[in-house]
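One structure is given below, encoded as structure tokens.
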Amino acid sequence: MAISQNQLAVINDYRSRLPVDVVGMIEALGVDYEGSFDLDSDISGEIERLNESKFVIRVNATHADTRQRFTAAHELGHYMLHRSLIGEGLDDNKAYRSQAVGKFHNTNITARHETEANQFAAAVLMPTGLVVLEHAKNSDIGHLASRFGVSHEAMRIRTKSLNL
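Per the numbering used here, the sequence shown runs over residues 16 to 179.
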């Protein structure tokens with residue numbers, strides 16, 4: 016599914032300030048966000064189709080704030096990129112894979128789709144230009160992770176992918 020110019024403008028506006036307000040972005044894109052939700056411990060998050068045009072994203076209340084942020088961005092990635100495959104819904108386990116756990120088991124979503132949603136989440140929460148700029152000021156992974164509101168591991172992966 017292609018991202019419209021209006022959607023891209025919303026995403027880019029939210030990506031211009033750190034840490035990225037992923038919940039504000041989700042809601043500005045017309046998706047409901049129920050926040051920290053009581054999900055099975057094996058589920059990081061889910062996106063559910065409420066009707067033909069309305070979706071809700073939920074994240075696991077027991078997970079760390081940084082993981083909740085990444086999960087929310089990951090589920091938004093599914094909405095933006097794979098909306099036609101979501102069906103009634105999709106839940107992702109801790110490895111961000113749709114498996115036979117939780118409320119939904121969506122066989123339309125493949126490992127490739129999950130990788131795309133992870134890449135979307137990384138680009139949303141850790142925009143290339145801002146990562147490069149902040150890295151030039153202070154390359155400490157812990158500092159960068161804190162600045163962007165992500166886990167050390169997510170920031171380590173992102174900086175490595177950007178050859179920093």
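A virtual CB, placed ideally from N, CA and C, is assigned to each residue, including glycine.
For residue i, count neighbouring C-beta atoms within 10 Å of its own C-beta (all shown protein chains included) and say buried if the count is 16 or more, exposed if not.
i	result
SER59	buried
GLN83	buried
HIS167	exposed
ASN178	exposed
ALA169	buried
GLU49	exposed
Give the secondary structure of residue i by DSSP, where H, G and I count as helix, E and B as strand, and everything else as coil.
i	result
ASN121	coil
GLY164	coil
ILE58	strand
ASN27	helix
ARG64	strand
VAL35	coil
SER19	coil
LEU179	coil
LEU159	helix
On a CA-only basis, which of the options is nearest residue i? Give me that one, please.
i	options	result
HIS120	ALA132, THR130, HIS128, ASP106	ASP106
ARG127	GLU103, HIS93, VAL146	HIS93
ASN66	VAL147, VAL74, GLY157, ASP47	ASP47
LEU140	LEU159, ASP53, VAL74, ASP57	LEU159
ASP134	LYS152, VAL147, ILE172, ASN153	It is Gln, not Asp, that sits at residue 134 in the sequence shown. Checked all of LYS152, VAL147, ILE172, ASN153; the closest Cα to GLN134 is ILE172.
ASP53	SER31, ALA132, LYS69, THR77	THR77
SER68	ALA17, ALA79, SER99, SER176	SER99
ALA137	ASP155, PHE70, SER176	SER176
SER161	HIS97, ASP55, ASP80	ASP80
Mind checking which residues open and close the alpha helix (DSSP H) that includes residue i?
i	result
SER51	Element bounds for SER51: not the alpha helix (DSSP H) but the beta strand (DSSP E), 47-52.
ARG84	80-97
ARG127	126-140
GLU149	143-152
Would residue i and residue j be called neighbours here (beta carbons separated by less than 8 Å)?
i	j	result
ILE72	ILE101	no
HIS150	THR174	yes
GLN22	MET95	yes
VAL37	ALA87	yes
GLY45	TYR29	no
VAL74	SER51	yes
GLU61	GLU90	yes
Starting from residue i, trace the beta strand (DSSP E) both ways and give me its first and last residue.
i	result
ILE101	Where ILE101 is concerned, there is no enclosing beta strand (DSSP E), given that its DSSP letter is neither H nor E.
VAL74	70-75
Kindly indicate if chain B contains any beta-carbon less than 8 Å away from that of residue i.
i	result
HIS167	Of the protein chains in this structure there is only one, and it is not chain B.
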